[in-house]
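Structure, as structure tokens:
Numbering (the working numbering), first residue to last: 1 to 124.
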């Protein structure tokens, strides 16, 4: 899904994974049948590949938080690490041996970083 982040930033973004709470999109509200969805997700997950530059990832983070996202997870499969951002300057780096939790955005969500990368076929 493409998310229209206007009027916060003049951009549309398609994170690899996104979560939108019922607080931001009511449970009984129909999903749009348009090219982009005029809602800002609570959480965006970006999976970094060899074609992503550091500047590109940093630019997405700036836009996401400026638009009002509550959390962004940046996944580095080659390093088996997940960077959990709650702002552009507040980050927690998780490695195998740590657990990823959803914090205030996804209460009760918990996943072993080691298991995540092992399931994905990455060395943990």
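Note that beta-carbon positions come from the ideal geometry of N, C-alpha and C, so glycine has one too.
Hey, out of the options, whose CA is closest to residue i's CA?
i           : options          : result
residue 68  : 16, 6, 74        : 6
residue 80  : 11, 119, 109, 71 : 119
residue 100 : 88, 10, 73, 1    : 73
I'd like to check one pair, residue j with residue i: are the Cβ atoms closer than 8 Å?
i           : j          : result
residue 43  : residue 22 : no
residue 45  : residue 16 : yes
residue 128 : residue 75 : The displayed coordinates of the chain run from 1 to 124. Any statement about residue 128 would go beyond what the structure contains.
residue 114 : residue 97 : yes
residue 2   : residue 35 : yes
residue 63  : residue 9  : yes
Since residue i is in the beta strand (DSSP E), which residue starts that stretch and which ends it?
i           : result
residue 102 : 99-102
residue 4   : 2-4
residue 43  : 43-47
residue 91  : 91-94
Where does the unbroken alpha helix (DSSP H) through residue i begin, and where does it stop?
i           : result
residue 119 : 113-119
residue 31  : No alpha helix (DSSP H) contains residue 31, which DSSP labels as neither H nor E.
residue 61  : 54-67
Got a sec? Which residues, its chain only, sit under 8 Å from residue i by beta carbon, not counting five neighbours each side?
i          : result
residue 61 : 72, 74, 85, 88
residue 41 : 3, 15, 18, 19, 20, 24, 69
In chain order, what residues of the same chain have a beta carbon less than 7 Å from the beta carbon of residue i, not counting five sequence neighbours either side?
i          : result
residue 93 : 81, 83
residue 39 : 3, 20, 24, 25
residue 11 : 5, 63
Skipping 5 residues on each side, what residues in its chain have a beta carbon closer than 6 Å to that of residue i?
i           : result
residue 110 : 99, 101
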